[in-house]
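Below is one structure; the comments refer to it alone.
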Amino acid sequence: MNDLTRRGFIFSAATLAAYGLLVGVQRACRSALASDKSSKANSGPVQIETFSDDGTRIGLQTENKIVKSDSEWRKLLSSDEFDVTRKADTERPYTGAYFNNHDPGLYRCICCGNALFSSDTKFDSGTGWPSFWAPIAKENVSTSLDLSFGMRRDEVTCTLCDAHLGHVFDDGPKPTGLRYCMNSLALRFMPRAKS
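The numbering used here applies: residue 846 is where the sequence shown begins, and numbers increase by one.
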């Protein structure tokens, strides 16, 4: 029995070490290969729905896409926020500020302030990340195919500034059946004033 316990311990330690090494190499490569250019050069106009902080719909507006260099984004964001939103990193589950937030309010993009999600569509997915069954307006988020890490997923980005927010999956609750699995580091919560 001692031999099995020792093997389990060695296997677990080796697995954790390998995972840590993989994450470290991934971050080092990302930093080494990062350029000072913005990730997407398209600065053309986009249409987004605008909302007040209490969630009241203001209306559809045409805005120029926000494009900044990596050095400009680094001045505005923490290191972790930059890694998630500008380099498509992912925060560890159950560590983000909003995975367990149940207060009523609005979730905006940490980079540009675009309204993204409402607490009205937030649900507990059990994944450790804030999850929503729909964005506040379909115009405010964009999706694209993500084939990184040998997986096929749909990446969710902010329409206004191209910030990486997370991914959307088709295992959510009704009425949409979708689960927008977001990073807390990509969001800024605006609590709804109590009446």
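Every residue gets a Cβ at the ideal spot worked out from N, C-alpha and C, and that includes glycine.
Point to revise | Backbone CA spacing between Asn959 and Ser924 [nearest angstrom] | key: Rounded to whole angstroms, the separation of the alpha carbons of Ser924 and Asn959 is 21 Å.
Review point. Of the residues Lys967, Leu1030, Asp934 and Ala979, which one's Cα is nearest the Cα of Asn946?
Key: Looking only at Lys967, Leu1030, Asp934 and Ala979, the smallest Cα-Cα distance to Asn946 is reached by Lys967.
Review point. Is Gly941 near Trp974, with beta carbons less than 9 Å apart?
Key: Cβ atoms of Gly941 and Trp974: closer than 9 Å.
Practice item. Determine the contact status of Tyr952 and Ser963, defining contact as a CB-CB distance below 9 Å. Key: Judged by their CB atoms, Tyr952 and Ser963 are nearer to each other than the 9 Å cut-off.
**Study point:** Beta-carbon proximity of Asp915 to Met1035, cut-off 9 Å
**Key:** No; because the gap between Cβ atoms is not below 9 Å, this pair is not in contact.
**Study point:** Cβ shell of Val929 (< 8 Å), same chain only, five flanking positions each side left out
**Key:** Result list for Val929: Thr935, Glu936, His1009, Asn1028, Leu1030 and Ala1031, in chain order.
Practice item. Run the proximity test for Pro938: is its beta-carbon closer than 8 Å to any non-hydrogen atom belonging to the ligand NAP? Key: The ligand content of the structure shown is nil, which means the ligand NAP is not present either.
Check your understanding: Can you tell me the Cα-Cα spacing of Ser976 and Gln906, whole angstroms?
Key -> Rounded to whole angstroms, Ser976 to Gln906 spans 26 Å at the Cα level.
**Study point:** Whole beta strand (DSSP E) elements within the segment 970-1012, 3-residue minimum
**Key:** The segment 970-1012 is shown to contain whole beta strand (DSSP E) runs of 3 or more residues at 986-991 and 998-1003, in chain order.
Check your understanding: In chain order, which beta strand (DSSP E) runs of at least 3 residues are fully inside the segment 891-925?
Key -> Those beta strand (DSSP E) runs which fall completely within the segment 891-925 and span 3+ residues are 902-909.
**Study point:** Reference Gln892, options Met996, Thr1002 and Lys983, closest by Cα
**Key:** Here the closest residue by C-alpha is Lys983.
Practice item. Evaluate Ala1038 with the Cβ neighbour count: other Cβ atoms within 10 Å of its Cβ, from every protein chain shown; 16 or more gives buried, anything less gives exposed. Key: With fewer than 16 other beta carbons inside 10 angstroms of its own, Ala1038 counts as exposed.
**Study point:** Range covered by the beta strand (DSSP E) that runs through Pro1036
**Key:** Taken as a continuous stretch (DSSP letters only), the beta strand (DSSP E) holding Pro1036 covers Leu1032 to Pro1036.
Review point. Under a Cβ-count criterion, where at least 16 other Cβ atoms within 10 Å of its own Cβ denotes burial, should Lys920 be classed as buried or exposed?
Key: Counting Cβ neighbours within 10 Å, Lys920 comes out exposed, since fewer than 16 surround it.
Review point. Between Ile903, Gly889, Thr895 and Thr901, which lies nearest to Asn909 when the distance is taken from Cα to Cα?
Key: When the alpha-carbon of Asn909 is set against those of Ile903, Gly889, Thr895 and Thr901, the nearest one is in Gly889.
Exercise for review: Quick one: residues in its chain with C-beta nearer than 7 Å to the C-beta of Pro938, no 5 flanking neighbours on either side, listed in chain order?
Suggested key: Within the same chain, Thr972, Gly973 and Trp974 come within 7 Å of Pro938 by CB-CB distance, once the 5 residues on both sides are set aside.
Review point. When DSSP builds the beta bridges, which residues end up paired with Phe1014?
Key: According to DSSP, which records beta bridges pairwise, Phe1014 is partnered with Arg1024.
Practice item. Please classify Leu931: is it buried, with 16 or more other beta-carbons within 10 angstroms of its beta-carbon, or exposed? Key: Reading off the sequence, residue 931 comes out as Arg, not Leu. Per the 10 Å Cβ criterion, buried.
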